[in-house]
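Numbering follows this note's numbering, in which position 251 of the sequence shown is assigned residue number 252; successive positions increment by one, without gaps.
All remarks here apply to the structure that follows.
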Amino acid sequence: METRNEFIAIVGRANAGKSSLLNLLTGERIAAVSSKPQTTRTRISGIVTENDTQYVFMDTPGVHRSRNKLGEHMNKVVKDSISDVDVILMVSDVTAKIDENELNIIKSFRKNDKVILILNKIDLLKDKEKLVPKIAEYSRLYDFEAVIPISVLKNDGTDIVWDEVRKYSSEGPHYFSDSSFTDQPEQVIASEMIREKLLELMSDEIPHGVAVIIEEMKERTDRSGEDILDISAVIYCEKDSHKGMIIGKNGSMLKRVGQLAREELERFFEIKVNLKCWVKVKEDWRNKEALIRNFGLSNNSTNM
Ligand SMILES: Nc1nc2c(ncn2[C@@H]2O[C@H](COP(=O)(O)OP(=O)(O)OP(=O)(O)O)[C@@H](O)[C@H]2O)c(=O)[nH]1
Ligand SMILES: [Mg+2]
2 METRNEFIAI VGRANAGKSS LLNLLTGERI AAVSSKPQTT RTRISGIVTE NDTQYVFMDT
62 PGVHRSRNKL GEHMNKVVKD SISDVDVILM VSDVTAKIDE NELNIIKSFR KNDKVILILN
122 KIDLLKDKEK LVPKIAEYSR LYDFEAVIPI SVLKNDGTDI VWDEVRKYSS EGPHYFSDSS
182 FTDQPEQVIA SEMIREKLLE LMSDEIPHGV AVIIEEMKER TDRSGEDILD ISAVIYCEKD
242 SHKGMIIGKN GSMLKRVGQL AREELERFFE IKVNLKCWVK VKEDWRNKEA LIRNFGLSNN
302 STNM
């Protein structure tokens with residue numbers, strides 16, 4: 002059988018709903034999602050194989066004004082991801098004004114790039130008439146292939162996104178096995194789930210300075226014959242005071258993070274999980290090239 006493939010980059014400003022869209026299009030909970038900007042730190046792929054065609058979606062960090070080496074790395078991932086793809090999905094938040102970051106993204110598109118504009122979060126738009134001037138405003142900035150208003154939250158409009166996406170495949174090999182749905186190693190999926198819970202439960206400053214490393218992940222059968230996945234994770238933070246807050250009073254915060262992460266991990270891996278988390282300090286790691294590499298953040302194709 003003749004095979005086909007398609008590479009799709011998902012780009013946009015922070016918090017627009019890129020990772021939520023990736024999860025919805027692939028039907029899997031691959032990327033961490035949170036209400037805080039700069040959740041995604043590197044490129045994360047979601048893979049869908051439909052009959053003869055393999056679609057590889059690449060979620061990217063939200064473009065933002067970078068304040069440290071991690072931020073620079075995140076913006077570079079976006080630049081690298083839009084070269085050589087068949088189509089780009091630019092996700093924007095329909096309730097927000099066009100900002101400098103979005104203008105920079107649009108500026109980085111080349112003349113022949115195929116870009117579909119996704120206007121997300123229409124569920125928050127009370128007056129749907131406001132869509133018309135918004136579409137006009139974006140259309141003056143770039144010649145988009147299509148403009149699709151959607152709500153990822155309400156799963157409204159994603160079939161239209163799929164119909165549009167399917168137009169850009171071409172003959173070529175499948176680069177991943179037809180049964181895989183991500184290029185992320187299981188350790189990274191697990192560490193991202195833990196980081197997502199920290200983002201959910203803690204105030205802004207702390208989770209943005211956190212890296213989660215899975216030190217061990219092993220399956221075993223306990224005495225009663227039940228399969229258990231043992232996971233040990235280290236949460237690295239930047240300061241002693243942050244360590245104290247992550248652990249919380251009598252360990253309450255760490256316990257809560259661990260519990261929510263464990264539930265999510267059990268759903269994802271479909272196995273009972275025994276999760277142990279430790280907290281360690283590595284000062285100012287976000288400005289240290291070597292540590293970023295050590296945390297697996299500088300390799301675009303895999304890891305966090
Ligand atoms: N109301 C509403 N909220 C949404 C919708 N889509 C996503 N969100 C929320 O928007 C927030 C950001 O979603 P993410 O998917 O993490 O956004 P992102 O673009 O990947 O963000 P970064 O990785 O930080 O760049 C989360 O709280 C989502 O639940 C939508 O259609 N409607
Ligand atoms: Mg994201």
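Glycine included, C-beta positions come from ideal geometry on N, C-alpha and C.
- [ ] State the Cα-Cα distance for the pair residue 237 and residue 3, rounded to the nearest angstrom.
- [x] Stepping through the sequence shown from its first residue, residue 237 is reached at position 236. Stepping through the sequence shown from its first residue, residue 3 is reached at position 2. Between residue 237 and residue 3, the C-alpha separation is close to 47 angstroms.
Task: Any non-hydrogen atom of ligand 1 within 7 angstroms of residue 1 CB - done: Look at the range of the chain in this structure, 2 to 305, and you will see that residue 1 is not part of it.
TODO: Please say whether residue 296 and residue 214 have beta carbons closer to each other than 8 angstroms?
DONE: Position 213 of the sequence shown holds residue 214. Position 295 of the sequence shown holds residue 296. Yes; because the gap between Cβ atoms is below 8 angstroms, this pair is in contact.
TODO: For the alpha helix (DSSP H) holding residue 137, just list the boundary residues, first then last.
DONE: One-based indexing of the sequence shown puts residue 137 at position 136. 132 to 142 is the span of the alpha helix (DSSP H), which, as asked, contains residue 137.
Task: Own chain residues within Cβ distance below 8 angstroms of residue 76, not counting five before or after - done: For this step, residue 76 is matched to residue 75 along the sequence shown. Around residue 76: 62, 64, 65, 67.
Task: Residues near residue 34 by beta carbon distance below 6 angstroms, same chain, minus five either side - done: Indexing the sequence shown from 1 puts residue 34 at position 33. Counting only Cβ-Cβ distances below 6 angstroms, and skipping sequence neighbours, we find 20, 21.
Open item on the list: Whole angstroms are fine: how far does the CA of residue 130 sit from the CA of residue 57?
Closed with: The residue you call residue 57 lines up with position 56 of the sequence shown. The residue you call residue 130 lines up with position 129 of the sequence shown. Roughly 34 angstroms separates the two Cα atoms.
Open item on the list: Using C-beta distances below 8 angstroms, list every residue in its chain close to residue 301, excluding the 5 sequence neighbours before and after it, in chain order.
Closed with: Residue numbering aside, residue 301 sits at position 300 when the sequence shown is read from its first letter. In this prediction, residue 301 scores a pLDDT of 41, lower than 50, which makes its location untrustworthy; the coordinate-derived value is nonetheless stated afterwards. 43, 44, 78, 81, 82.
Task: Rounded straight-line distance, which links the Cα of residue 190 to that of residue 305 - done: Along the sequence shown, one-based indexing puts residue 305 at 304. Along the sequence shown, one-based indexing puts residue 190 at 189. Its pLDDT being 33, under 50, residue 305 is placed unreliably in this model, and the coordinates cannot settle the point.
Open item on the list: Here's the rule I'm using: 16 or more other beta-carbon atoms within 10 Å means buried, otherwise exposed. How should residue 286 be labelled?
Closed with: Along the sequence shown, one-based indexing puts residue 286 at 285. Classification for residue 286: buried.
Open item on the list: Using only the alpha-carbon positions, how far apart do residue 162 and residue 226 sit?
Closed with: Against the sequence shown, residue 162 aligns to sequence position 161. Against the sequence shown, residue 226 aligns to sequence position 225. Cα-Cα distance, rounded: 45 angstroms.
Task: Whole-angstrom distance between residue 39 and residue 209, CA atom to CA atom - done: Position 208 of the sequence shown, counted from the start, is the residue given in the question as residue 209. Position 38 of the sequence shown, counted from the start, is the residue given in the question as residue 39. If I take the Cα positions, the gap works out to 8 angstroms.
TODO: Tell me whether residue 60 is buried or exposed, calling it buried when 16 or more other Cβ atoms sit within 10 Å of its Cβ.
DONE: As a working note, residue 60 is residue 59 in the sequence shown. Looking at its Cβ environment, which holds 16 or more other Cβ atoms inside 10 Å, residue 60 is buried.
Open item on the list: Taking the beta carbon of residue 87 as the centre, do at least 16 other beta carbons fall within 10 Å, making it buried, or is it exposed?
Closed with: Looking up residue 87 in the sequence shown gives position 86. The residue in question, residue 87, is buried, as its Cβ has 16 or more Cβ neighbours within 10 Å.
- [ ] Leaving aside the five residues before and after residue 149 along the sequence, list all residues of the same chain whose C-beta is less than 8 angstroms from its C-beta, in chain order.
- [x] Residue 149 sits at position 148 when you count from the first residue of the sequence shown. Taken in chain order, the residues that qualify are 117, 118, 119, 120, 158, 161, 162, 165.
Open item on the list: Tell me which residue opens and which closes the alpha helix (DSSP H) that residue 246 is part of.
Closed with: As a first step, residue 246 must be located in the sequence shown, where it is residue number 245. It spans 241 to 248 - the alpha helix (DSSP H) in which residue 246 sits, taken as one unbroken run.
Task: residue 167 to residue 113 span [Cα, whole Å] - done: Position 166 of the sequence shown, counting from 1, holds the residue named residue 167. Position 112 of the sequence shown, counting from 1, holds the residue named residue 113. Computed Cα separation, rounded: 18 angstroms.
Open item on the list: With a threshold of 8 angstroms, are at least 3 pairs of Cβ atoms found where one atom belongs to the region 245 to 260 and the other to the region 191 to 208?
Closed with: yes
TODO: Determine the extent of the alpha helix (DSSP H) in which residue 79 is found, giving its start and end residues.
DONE: Sequence index remark: in the sequence shown, residue 79 carries index 78 (1-based). 70 to 83 is the extent of the alpha helix (DSSP H) around residue 79.
Open item on the list: I need the DSSP call for residue 22, collapsed to helix, strand or coil.
Closed with: Your numbering for residue 22 matches position 21 in the sequence shown. Residue state, collapsed to three classes: helix.
Task: Same chain, Cβ closer than 6 angstroms to residue 15, five either side skipped, listed in chain order - done: Residue 15 sits at position 14 when you count from the first residue of the sequence shown. Cβ neighbours of residue 15 beyond the five flanking positions: 38, 39, 63, 65.
Task: Closer than 7 angstroms: residue 208 CB and nearest ligand 1 heavy atom - done: Taking the sequence shown and counting its residues from 1, the one referred to as residue 208 is at position 207. Flag unset: Cβ of residue 208 not near ligand 1.
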